[in-house]
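Numbering-wise (the working numbering), the sequence shown opens with residue 6 and increments by one.
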Amino acid sequence: MASEGEPESKKIRSSEPDLKVIIGSDEAEKEEAGADGEDDAEQKPRVVTKWYHSPSLAAKSKYVDALLAAPMKESESRTITFPDISPDTWDLMMKFVDDPLAIRSMKPEDVVQVAKLYDKYEFSGGRSLCDTILVEYFKSVFKETFVTRTNKVVPDVDFIVASVVLAHEANLNDAFGEGMGFIWKMLVWTLAPVGRTAFSQEHMKLLAPLLEETDKGLFERGLKNHYNLKSDTFPKEFVNNCSNWLEHDTLNRFISHIRLSGSTCKADGDYVGRLQECEFRARDGRNVRWNSVLMRPLITCRTTEEGWVVILETIPPLDEEGDPDYDSIVETVIFKAPHSGNMTLPPSNGWVSAHPDARGELKITYILREGEVEVC
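Here you go:
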C-alpha cells in the first residue's frame, strides 16, 4: 500500500498508512472549475483516494482527530471523505501544512482558496498561516497607499473587500482587524483613487454588516449615525453621497466665497463655507440687528423641499455652565429660492422675500479663486 497522500519527508517506513481519505466529488470539481473559469474539468479526476497515517493527519486537523476518536463509522472503517474539496485544492492545503518551504511562497490568492476549508475542517496550523499572510498583505498595502504613497500601485479594492469578508467568515481574527482598519482608513480618506469614492455599491453591500460590527473612532460613529447600515438602500445611498461629495469638493476648490447683494436688510456681504455642509456664513463673522435683535446671517439649504434660504439666527446665550445654549436659537427665514433644493450651489437669481420686512432683489455672485487649482 503506497502512502501517496503524504510527502516523502512525512512518510513513516516502520508502518503502513492506515487512513483512507477520499477527496472530491462531481459537484466540488464543477464548482471550482466554474470559479476559475476553466472548461477542462472533464479531463481532471473528480474524486481521488489518498492514504495517510492517522496520527499524522489527526495532528493537523481537530476535525479528523474527533472523527477517529469517536465511535463512528469513520473510526471503524478508517475512511474519511471530503466531498466539498476538489483534489487540486486538497493538494494545495496539504502543501502548506506539510512543507516549510512552501509556506514562504504562500500568497494572498492562495489564502482565498484554502482559508475557509482550513477553518471548516479545523486545520488550526493552516488557518493560523492564512491569518498571518493576510495580515502582512493588509499592512503592505496600507504602507504603500497611505505611508510611502508612491502611487505606483493602486489598491485592488475588489480583492481587499473580498479578503476582509473572507477573514471574517474563516475566523482569521487578526487579519479581519487589520483589514477593517484599512477599510475604515479608505472611508475616511478623501483623495481618489484610494479614498471612499473607490467603493462600489456591491462593495458596500458586502461591507455593511462588517462596518456594523467595528468601531474605529469619531468618523465611524458618525457614519453609523448618518446611515442605517442594515438598510437595503445603504450601499446606493453611500455611493451616491460620495459622488456628490467629490463634486462639492471640486467646486469648493474653485470657489473662494460667495457674495450676497440686494437684500436691503444688512445681510449683504461675503459668505464662506463648504458645500458638503450646504451652509455659508458671513466671512467677517459680523452680526446684524433685525427688529432690534442682534442676529447672525447665513445662507443654507436645509432640506430638498425647502431649498436654499437666507436666514437670520439669534445669538445663543450661555447656559449655567458657560456654554452656548444652541437649543435656544431662533431662526428667521428672510429670503428663499423656490425649487432650488436639488441645486449644489445657492442660485444667483430667483430669490423671493419670505418675510414682510425683507425687501429688495437678492442676488448671489460666485467669487472664484485665482491661479491654478488642484482637484482630487
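Note that the Cβ used here is the ideal one computed from N, Cα and C, for glycine as well.
What separation, rounded to the nearest whole angstrom, lies between the Cα atoms of residue 51 and residue 30? 6 Å
Alpha carbon to alpha carbon, how far is residue 204 from residue 243? CA-CA distance, residue 204 to residue 243, rounds to 9 Å.
Check whether the region 323 to 343 touches the region 278 to 294, taking contact to mean three or more Cβ pairs, one atom from each stretch, closer than 8 Å. Under the Cβ criterion (8 Å, minimum of three pairs), the region 323 to 343 does not count as touching the region 278 to 294.
Under a three-way DSSP split, which group does residue 200 fall into? coil
Sort 336, 271 and 310 by Cα distance to residue 318 and report the nearest one. 336
Can you grab the Cα-Cα spacing for the pair residue 58 / residue 23, in whole Å? 5 Å
If we ignore side chains and look at the alpha-carbon of each, how far apart do residue 259 and residue 368 end up? 20 Å
8 Å contact criterion, which residue 228 and residue 166 should meet: CB distance rounded: Residue 228 to residue 166, Cβ: 16 Å. No contact.
Skipping 5 residues on each side, what residues in its chain have a beta carbon closer than 7 Å to that of residue 150? 160 and 199
Within 10 angstroms of its Cβ, does residue 452 collect 16 or more other Cβ (buried), or is it exposed? In the structure as shown, the chain begins at 6 and stops at 381. Residue 452 is therefore absent and cannot be evaluated.
Quick check on DSSP: helix, strand or coil for residue 72? helix
Assigned exposure category for residue 69 - 16 Cβ within 10 Å defines buried: buried
Own chain residues within Cβ distance below 8 Å of residue 305, not counting five before or after: 283, 284, 285, 313, 314 and 316
Mapping the DSSP letters down to three states, classify residue 334 as helix, strand or coil. Three-state result, residue 334: coil.
So what's residue 61 in DSSP terms, helix, strand or just coil? helix
Which runs of the beta strand (DSSP E) at least 3 residues long sit entirely within the region 272 to 334? Give them in chain order. 274 to 279, 284 to 287, 293 to 295, 298 to 306 and 313 to 319
Alpha carbons only, please: which of 122, 195 and 263 is nearest the one belonging to residue 383? Only positions 6 to 381 of the chain appear in this structure, which leaves residue 383 out of reach.
Skipping 5 residues on each side, what residues in its chain have a beta carbon closer than 7 Å to that of residue 134? 101, 108 and 111
Tell me where the alpha helix (DSSP H) around residue 190 begins and ends. 178 to 193
Can you look up residue 24 in the DSSP assignment and give me helix, strand or coil? strand
As a quick exercise: from 164, 78 and 171, pick the residue whose alpha carbon is nearest that of residue 119. Per the Cα distances, 171.
CA-to-CA distance, residue 267 to residue 233, given in whole angstroms: 42 Å
Environment of residue 373 [buried if 16+ CB atoms lie within 10 Å]: exposed
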